[in-house]
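Chains as they are written, first to last, in the UniProt record's numbering: chain A, 1 to 444; chain B, 1 to 444.
We put the beta carbon where it would ideally sit given N, CA and C, even for glycine.
Quick caveat, the model's predicted, so the values are computed rather than measured.
Below is one structure, written out as structure tokens; the observations come after it.
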């Protein structure tokens, strides 16, 4: 859909045409289209969306658009929206609203729904409880396939997903039946005969990243959430799990590159907030670099005697930084994907040590040849070869150990990535370099 | 399940117990459990898995386990496996097998299936065609809900997903009906009356990453794949899309940290392959650093006169590298998530310039104070403040521009990350530093 045409039609009040366009579009694209409208046009366009789609479109909108719409809604419109909105989307909305609007919304929902909302709002941020929805299909173990299908026909349209059905006994989850089973099995079979009893579930307090990982591992469409007493309280659906995976990955990449993670997109974030998100780590790393500075200052005599020494510093520190960040990236990602654990530390270190030796020899020889060709200086070649190999071994071992210890200490391993590793490795490599230089070249 | 107990039971030939254990476990966990077995125990254990689960477990195994099992299978076992394996898993298997085993497998499948396999094998690597499956539910537009349900009951068990049904007319896709619609709508309605006609689809040649992104954007469970003539040839399911998202992210992170991406896990990769995956970029970056080296060598006189100059080099280059990688990370991720496009280049550069100014001033002032306190040297404080601010502006602009141009030139933007940006920014920051120094301090 061409945005300009749509906006022109809206401006010319061609509401019938606008309505027809909105009718054939899917809810995601409508939300994207509406994002470009001015506030007044936004509420106008939103009112032209057919009733059955409106809540879905609303759920796809940015929170600033949602807040504006809620402010503009009549009581009746608000009531209709809240009736159609799924529980997880309702909670997402409330988290963004100012207090007076929260009160207004809570006035419009039933006591039962209000209690559910308050419970979910109280779960820790980034927990399974905070992203779950409370609408799911529950059945009894004596229900037959035919009865289950009839029950879904009656109530299913108000459930976020009907593709996994939960068999409860005294509010406890005792089995799972898929819609595929219901659609392909004999009508008279009871749930008890069909249900899968080896259930993968999480608790309300399970971290959302861990929850999302279970979807990828077990190819799930939905995952039941139990409270601390073991009662079933909701489900997390695959669409929310997918969002968590994408968001958590972005967060990891940002942390790994000295950025405070932001939930907004690049353009949604203001210049001031961008600067704020970047200055913190830069300051820490800049001030940490004073250690390297102090080390260099101690060796003034050495490079005053042999100025060529200085020109190799960036090559040496960069190579060290790159080697360290290679190792830390592999370990950080391995930890995130549950492929590496703290108890593997000795295996990892031993592996990195051997890799470092191989890499070190290849790089040292290449650099040695380069120095011989360019400077015809065998002593310098040997100095750089030794420093380079030692730096690479140190960098790779620091690079793999720090994320593992971070994990052990419940600190996000992503912090132990390129920027911090580089700063630490810098100090080490400069120390190695000048130590080797003073010994090898007989300086003080 | 405790692995040791399982292995003990297997060794003691307690097959009945082993079979019961395998019966209650899910296929993913069985595959993980079997991964630790020796070859001979592996085939033994695999034969104890109940028929209805065996193909699913097989599909979850590593390719080396799959190859071994295919070699050991009797003709009858191979036939059974191929009957139960979905098309996408069959193709995955064939891609890993040596030629003689491929021939053996193709001998066991029907002509029709063989043709399908060959077609899929010919699609480009990492395309939607290469990850799709050909088993899906297709219906006619005149089919009623009741007829559709009966059809699924009859054939659905052999389809990878039945939750999205495709309405075809002369092999062309004209609509989509969800299982939720079928389960909640009136029995007599025809597909034509129910179906969604605004269809999101991909072609066989669409990149798998782009395909996967559509799942996240539109909350899909399956996505139809059309061939170049517009005929429907298969579907991609959410579980495969999720795997693509996780794998592509790992690949991006690896490329962004100077690693050749590897499809195997950290421990599955040998020391030699780890070294090979790392040496290439390290060599390129190390040799690029000779540019910086040459620049430094030109200013020998300057730091011979004022050795203190040298000690600030790592702080300056590291800060430049970190600033550049912050910007490049945000742009690379924004490009991957389709939030930033090449035509935004001026908006991005202008934003980065303003962010750089803010960040530059804060860092320059902090560093100026530090230098005044430590060295009581106002000239040095001014020199560092100017160099730092100029470096930060340069780094942020290079950091945001390079990934955008890479995208434009169809090169993976992830290459333009920390390591390469650091190397380029190093040369620039050293040049700025010594230029400012020679002018400010009146050196040559």
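- prompt: With distances taken between CB atoms, is the gap from residue 241/B to residue 136/B smaller than 9 angstroms?
  reply: no
Short CB-CB distance (under 9 angstroms) between residue 403/B and chain A: Answer no: the Cβ-Cβ gap between residue 403/B and chain A never drops below 9 angstroms.
C-beta neighbour in chain B for residue 444/A, strict 9 angstroms: Because residue 444/A carries a pLDDT of 45, less than 50, the predicted location of this residue cannot be relied on, and no value is offered for it.
- prompt: Can you name, in chain order, every residue of its own chain whose Cβ lies under 7 angstroms from the Cβ of residue 349/A, other than the five neighbours on each side?
  reply: 397, 400 and 401
- prompt: Is the Cβ of residue 303/A closer than 9 angstroms to any Cβ of chain B?
  reply: yes
- request: Can you tell me which of the three DSSP states residue 416/A falls into?
  value: coil
task: Report the neighbours of residue 104/A on chain B: residues whose CB is nearer than 8 angstroms to its CB, in chain order.
output: Within chain B, no residue comes near residue 104/A; the closest Cβ sits about 28 angstroms away, beyond 8 angstroms.
message: What does DSSP give as the partner residue(s) for residue 172/B in the beta ladder?
response: 169/B and 231/B
message: Taking 9 angstroms as the threshold (C-beta atoms), are residue 360/B and residue 392/B in contact?
response: yes
query: Within 9 angstroms (strictly less), CB to CB, does residue 286/A reach chain B?
result: yes
- request: Kindly provide the ranges of any beta strand (DSSP E) runs that are 3 or more residues long and lie completely inside the UniProt domain "CBS" (132 to 193) of chain A, ordered along the chain.
  value: 137 to 139, 164 to 169 and 172 to 178
query: Is it buried or exposed for residue 236/B, if we count other Cβ within 10 angstroms and need 16 for buried?
result: buried
field: Unbroken stretches of the alpha helix (DSSP H), 4 residues or longer, contained in the region 239 to 300 of chain A
entry: Listed in chain order, the complete alpha helix (DSSP H) runs (minimum 4 residues) inside the region 239 to 300 of chain A are 271 to 298.
First and last residue of the uninterrupted alpha helix (DSSP H) at residue 411/A: Where residue 411/A is concerned, there is no enclosing alpha helix (DSSP H), given that its DSSP letter is neither H nor E.
Beta-carbon proximity check, residue 355/B vs residue 274/A, cutoff 9 angstroms: yes
- request: Compare the C-alpha of residue 300/A against each of 303/B, 369/B and 299/B and name the closest.
  value: 303/B
Cβ-based burial, residue 98/B [other Cβ within 10 Å; buried from 16]: exposed
- request: Kindly indicate which residue of 213/B, 112/B and 390/B has the alpha-carbon position closest to the one of residue 430/B.
  value: 390/B
- prompt: For residue 351/B and chain A, any beta-carbon pair shorter than 9 angstroms?
  reply: yes
message: 9 angstroms is my cut-off, CB to CB: does residue 289/B come that close to chain A?
response: yes
message: Along the chain, where does the alpha helix (DSSP H) containing residue 98/A start, and where does it finish?
response: Taken as a continuous stretch (DSSP letters only), residue 98/A belongs to no alpha helix (DSSP H), as it is neither H nor E.
- prompt: By how many angstroms is the C-alpha of residue 209/B removed from the C-alpha of residue 127/B?
  reply: 8 angstroms
task: Buried or exposed for residue 212/A, please, with buried defined as at least 16 other CB atoms from any protein chain shown within 10 angstroms of its CB.
output: Counting Cβ neighbours within 10 Å, residue 212/A comes out buried, since at least 16 surround it.
message: Looking only at its chain, what residues have a beta carbon closer than 7 angstroms to the beta carbon of residue 295/A, apart from the 5 residues adjacent to it on each side?
response: Hits under 7 angstroms: 427, 430 and 431.
- prompt: To which residues of the same chain is residue 321/A closer than 6 angstroms at the C-beta, ignoring the five residues directly before and after it?
  reply: 422 and 425
Closer than 9 angstroms to chain A by CB, residue 5/B: By the rule that beta-carbons nearer than 9 angstroms mark a contact, residue 5/B does not touch chain A.
- prompt: Is DSSP giving residue 224/B helix, strand or coil here?
  reply: The DSSP-derived three-state label of residue 224/B is strand.
message: Considering only the alpha carbon of each residue, which of 225/A, 253/A, 59/A and 334/A lies closest to residue 326/B?
response: Minimum Cα distance to residue 326/B is reached at 253/A.
query: Could one say the Cβ of residue 35/A lies closer than 9 angstroms to chain B's Cβ atoms, at least one of them?
result: no
query: Between residue 444/A and residue 406/B, what straight-line distance do the alpha-carbon atoms span, to the nearest angstrom?
result: With a pLDDT of 45 at residue 444/A, under the threshold of 50, the predicted position of this residue should be treated as unreliable, though the coordinate-derived value follows. Cα to Cα, residue 444/A sits roughly 48 angstroms from residue 406/B.
message: Need the endpoints of the alpha helix (DSSP H) that residue 360/A sits in, please.
response: Note, residue 360/A: alpha helix (DSSP H), 345 to 375.
field: Endpoints, alpha helix (DSSP H) assigned at residue 121/B
entry: 111 to 121
field: Residues sharing a beta bridge with residue 207/B, DSSP
entry: 127/B
task: Determine whether the Cβ of residue 2/B lies closer than 9 angstroms to any Cβ atom of chain A.
output: no
query: In terms of residues, what are the limits of the alpha helix (DSSP H) holding residue 330/B?
result: 313 to 336
Distance, residue 34/A Cα to residue 101/A Cα: Roughly 22 angstroms separates the two Cα atoms.
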